[in-house]
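One point on numbering: in our numbering, the residue at position 62 of the sequence shown is 47, and numbering is uninterrupted.
Reading through the structure tokens given below for one structure.
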Amino acid sequence: MDIYEELKKDHREIKMMLNELVGLDKDDDFRFLLISQIRSALLSHSRAEEAVLYNSLRTADGEPYKIGMKGYKEHFEIEALLRGLQFMDRVDANWKPMARKLKELLSSHLSNEEKEVFTLCKLMFNPVQAERMGRAFRELKNQVEQEGDAKTTMDMMVNLLPPKYSLKLMNNLKSLSP
Ligand SMILES: [Fe+2]
Ligand SMILES: [Fe+2]
């Protein structure tokens, strides 16, 4: 699968979980587990997406750079809201409006990626590169999943390395056999 198929597959799963969350009854105990599942799925997806997709945009000037940085900013906002939602849930506060807000924010982020970001990437990367990026995404995502939440902040910092280091990462990805 190329990078676009990999990302769309995750997006579909995340959207399904969000629909399930906003549809839960106010006192449904399952929500705690579901919020944790959404968080784990989203963190591993976002870290690998930043490393493979957004970093490759950040290394270019102009529009790609702006779009890459916008992606990072949206991930940060979504994760902050998700943390807030976990807190509201723990203290038994009214979590529903926050869950709806998360769904709204995430839906717009995901559809933006599939339209604006994918269109730009298809101009920048050929199909062979897109396949390699898909493979690198899968590998990194598995790695983040195995490492667990504790290391995700560090992963995020690595993803935000200056472009010269990011370029090194991209060159390593390019050397992966198809
Ligand atoms: Fe995504
Ligand atoms: Fe994203």
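Backbone N, C-alpha and C fix where the C-beta goes; we use that ideal spot for every residue, glycine too.
Would you decide whether residue i is buried or exposed? Buried here means 16 or more other CB atoms lie within 10 Å of its CB.
i       : result
PRO82   : exposed
PHE(-5) : Residue -5 is actually Asp in this sequence, not Phe. The residue in question, ASP(-5), is buried, as its Cβ has 16 or more Cβ neighbours within 10 Å.
MET1    : exposed
MET118  : buried
GLU(-9) : buried
Would you mind reading off the limits of the alpha helix (DSSP H) that contains residue i?
i       : result
PHE110  : Per DSSP, PHE110 belongs to no alpha helix (DSSP H) and is neither H nor E.
TYR57   : 48 to 75
VAL37   : From DSSP, VAL37 is part of no alpha helix (DSSP H); its letter is neither H nor E.
ALA84   : 81 to 97
GLU101  : GLU101 -> no alpha helix (DSSP H), and no H or E assigned at all.
ASP(-5) : -12 to 7
State the Cα-Cα distance for the pair residue i and residue j, rounded to the nearest angstrom.
i        : j      : result
TYR57    : TYR39  : 8 Å
ALA78    : GLU5   : 19 Å
GLU64    : SER92  : 14 Å
THR137   : GLY69  : With a pLDDT of 49 at THR137, under the threshold of 50, the modelled position of this residue cannot be trusted, and the question is left open.
VAL102   : ALA121 : 18 Å
MET(-14) : LEU105 : 19 Å
TYR(-11) : ALA115 : 8 Å
LEU67    : GLU130 : 18 Å
VAL76    : PHE17  : 11 Å
May I ask whether a heavy atom of ligand 1 can be found less than 8 Å away from the beta carbon of residue i?
i       : result
SER41   : no
ASP74   : no
ASP14   : no
ASP(-5) : yes
I want to check one thing, is the minimum distance from the CB of residue i to the heavy atoms of ligand 2 below 8 Å?
i        : result
LEU198   : With the chain covering -14 to 163 only, the question about residue 198 has no answer from this structure.
GLU(-10) : no
SER31    : yes
GLY47    : no
Kindly indicate if chain D contains any beta-carbon less than 9 Å away from that of residue i.
i      : result
GLU124 : No chain D is part of this structure, which consists of one protein chain only.
Are there three or more Cβ pairs, one per stretch, closer than 8 Å when the segment 122 to 130 is compared with the segment 55 to 72? no
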